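*Asks:* Please find one structure pasted underneath; my questions will follow.
In the numbering used here, the protein residues as written are 141 to 476.
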């Protein structure tokens, strides 16, 4: 395929995701005009609209390339740009202990999720895929772990379906927990970063909590994603075929995480001109909303139903355990 053909193949899907994002932003503006504030943020609206379109009308394969580009590549660029808004000082005095706590949360959640899956009768490899998706970073962890443990394609599809559905529900319901439990922005950011499946979903879940919640939530989530490397290596030794060799560095540490940490380091060292911060943040926000529309367009609720009840139950129970462990971290570290 030529470069020109490649570009044109992405246009239908990109146009659709941008259209969904524009509608979501228009609704948010209407909310502000009538109610004084957006009851449902544009990020969340973009996800809901995209999911509704895919579930109700289905999608022509011609849209797939552009939607995947929007939901993955544009999002990764937005995440790198988001690093410019975060300084290392954002993690506060609890920084060192918080990193250790995140590693402990991932380890405990991984073991608990696997045990829950096996107790519900899931095959070992499917239970491990669900555990990785729940404990680390959703679809990315599932896709990374699948070839290492030689998982069947049906198991991969089922586990991805559960993360897609539950991820959306977590984004919608988690903000209510901040209100109900009267969490500070810092506390909510940590809980969101430790429980939400994917980096983009953290952005959507924390937007109502303020900039501090978004910054901390994103940072916590990215540290959590970095745990994917050690987990993949461990799975290779315990459940994988060693003749395949060790996983590539790119699979264990995605490029956008390196980019995000690099931008964060530049911000912390005052290497980014102050005048550039606002345009970069605004561009990151726009790309994120378009990506959320693309993310929603990848979700078909009907597919989740077909994936099987036991997988969904395993995911829900694992998520509750993860939330409980995350809440315990706030208590142990006395984070306010």
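C-beta: ideal position from N, C-alpha, C; glycine also.
Please read these numbers as outputs of a predicted model, since none were measured by experiment.
Would you identify the three-state DSSP class for residue 195, choosing helix, strand or coil?
*Replies:* Within the chain shown, numbered from 1, the residue matching residue 195 stands at position 55. Helix at residue 195.
*Asks:* Around the C-beta of residue 95, are 16 or more other C-beta atoms found within 10 angstroms, so that it is buried, or is it exposed?
*Replies:* With the chain covering only 141 through 476, there is no way to say anything about residue 95.
*Asks:* Whether or not the region 212-223 and the region 394-410 are in contact is what I'm after, with contact meaning three or more pairs of Cβ atoms, one per stretch, closer than 8 Å; do they touch?
*Replies:* With a cut-off of 8 Å, the region 212-223 and the region 394-410 count as touching, because enough Cβ pairs lie within range.
*Asks:* Residue 427 to residue 320, Cα distance in whole Å?
*Replies:* Position 287 of the chain shown, counted from the first residue, corresponds to residue 427. Position 180 of the chain shown, counted from the first residue, corresponds to residue 320. Distance between the alpha carbons of residue 427 and residue 320: 31 Å.
*Asks:* Select from 423, 436, 469 the residue whose C-alpha is nearest the C-alpha of residue 196.
*Replies:* Translated into the one-based positions of the chain shown, residue 196 becomes position 56. Comparing Cα-Cα distances from residue 196 to each of 423, 436, 469, the minimum goes to 436.
*Asks:* Quick one: measure Cβ to Cβ for residue 302 and residue 190, integer angstroms, because I've assumed they're closer than 8 Å.
*Replies:* Your numbering for residue 302 matches position 162 in the chain shown. Your numbering for residue 190 matches position 50 in the chain shown. Not quite, the Cβ-Cβ distance comes to about 18 Å (not below 8 Å), so this is no contact.
*Asks:* In terms of residues, what are the limits of the alpha helix (DSSP H) holding residue 150?
*Replies:* Taking the chain shown and counting its residues from 1, one reaches residue 150 at position 10. Element bounds for residue 150: 143-175.
*Asks:* Label residue 198 either buried or exposed according to how many other C-beta atoms from any shown protein chain fall within 10 Å of its C-beta, with 16 as the threshold for buried.
*Replies:* Translated into the one-based positions of the chain shown, residue 198 becomes position 58. Exposed: under 16 other Cβ atoms inside 10 Å.
*Asks:* Could you give the distance in angstroms between the alpha-carbon of residue 180 and the alpha-carbon of residue 305?
*Replies:* Here residue 180 is taken as the residue at index 40 of the chain shown, counted from 1. Here residue 305 is taken as the residue at index 165 of the chain shown, counted from 1. Their Cα atoms are separated by approximately 19 Å.
*Asks:* Quick check: residue 251 and residue 210, are their CB atoms within less than 9 Å of each other?
*Replies:* If you number the chain shown from 1, residue 251 lands on position 111. If you number the chain shown from 1, residue 210 lands on position 70. For residue 251 and residue 210, no; Cβs fall outside 9 Å.
*Asks:* By DSSP, does residue 292 sit in helix, in strand, or in coil?
*Replies:* Reading the chain shown from its first residue, position 152 is the one you call residue 292. DSSP places residue 292 in coil when its eight states are reduced to three.
*Asks:* What do you get for residue 418, buried or exposed, if any count of 16 or more other CB atoms within 10 angstroms of its CB means buried?
*Replies:* The residue you call residue 418 lines up with position 278 of the chain shown. Result: exposed.
*Asks:* Are the beta-carbon atoms of residue 298 and residue 332 separated by less than 9 Å?
*Replies:* Locating residue 298 in the chain shown gives position 158, where the first residue counts as 1. Locating residue 332 in the chain shown gives position 192, where the first residue counts as 1. No.
*Asks:* Spatial neighbours of residue 470 within its chain, please: C-beta separation below 6 Å, excluding the five flanking residues on both sides.
*Replies:* Taking the chain shown and counting its residues from 1, one reaches residue 470 at position 330. Excluding residues within five positions, the ones whose Cβ falls inside 6 Å are 327.
*Asks:* Is the CB-CB distance between residue 375 and residue 285 below 9 Å?
*Replies:* What you label residue 375 is simply residue 235 of the chain shown in a count that begins at 1. What you label residue 285 is simply residue 145 of the chain shown in a count that begins at 1. For residue 375 and residue 285, yes; Cβs fall inside 9 Å.
*Asks:* Whose CA, out of 166, 194, 223, 202, lies closest to the CA of residue 423?
*Replies:* Mapped onto the chain shown, residue 423 falls at position 283. The residue with the shortest Cα to Cα distance from residue 423 is 223.
*Asks:* Please classify residue 200: is it buried, with 16 or more other beta-carbons within 10 angstroms of its beta-carbon, or exposed?
*Replies:* Within the chain shown, numbered from 1, the residue matching residue 200 stands at position 60. Under this definition residue 200 is an exposed residue.
*Asks:* Taking only the alpha-carbon atoms, compute the straight-line gap between residue 473 and residue 402 and give it to the nearest angstrom.
*Replies:* Position 333 of the chain shown, counting from 1, holds the residue named residue 473. Position 262 of the chain shown, counting from 1, holds the residue named residue 402. One C-alpha to the other measures close to 27 Å.
*Asks:* Considering only C-alpha positions, which residue in the set 176, 147, 192, 145 is nearest to residue 164?
*Replies:* For this step, residue 164 is matched to residue 24 along the chain shown. Ranking the options by Cα distance to residue 164, first place goes to 192.
*Asks:* Starting from residue 418, follow the alpha helix (DSSP H) in both directions and report where the run begins and ends.
*Replies:* The count along the chain shown starts at 1 and reaches residue 418 at position 278. Its alpha helix (DSSP H) spans residues 414-437.
*Asks:* Please classify residue 378: is it buried, with 16 or more other beta-carbons within 10 angstroms of its beta-carbon, or exposed?
*Replies:* Along the chain shown, read from residue 1 onward, the residue named residue 378 stands at position 238. Exposed: under 16 other Cβ atoms inside 10 Å.
*Asks:* Rounded to the nearest angstrom, how far is the Cβ of residue 186 from that of residue 433, given a contact under 8 Å?
*Replies:* Here the question's residue 186 lines up with position 46 in the chain shown. Here the question's residue 433 lines up with position 293 in the chain shown. That pair is a contact at about 4 Å.
*Asks:* Cβ atoms of residue 272 and residue 364: under 9 Å apart, would you say?
*Replies:* As a first step, residue 364 is located in the chain shown; it is residue number 224 there, counting from the start. As a first step, residue 272 is located in the chain shown; it is residue number 132 there, counting from the start. No. Outside cutoff.
*Asks:* If we ignore side chains and look at the alpha-carbon of each, how far apart do residue 383 and residue 467 end up?
*Replies:* Stepping through the chain shown from its first residue, residue 383 is reached at position 243. Stepping through the chain shown from its first residue, residue 467 is reached at position 327. Because residue 383 sits at a pLDDT of 49, beneath the cut-off of 50, its placement in the model cannot be relied upon, and the following sentence gives the value as read from the coordinates. Cα to Cα, residue 383 sits roughly 41 Å from residue 467.
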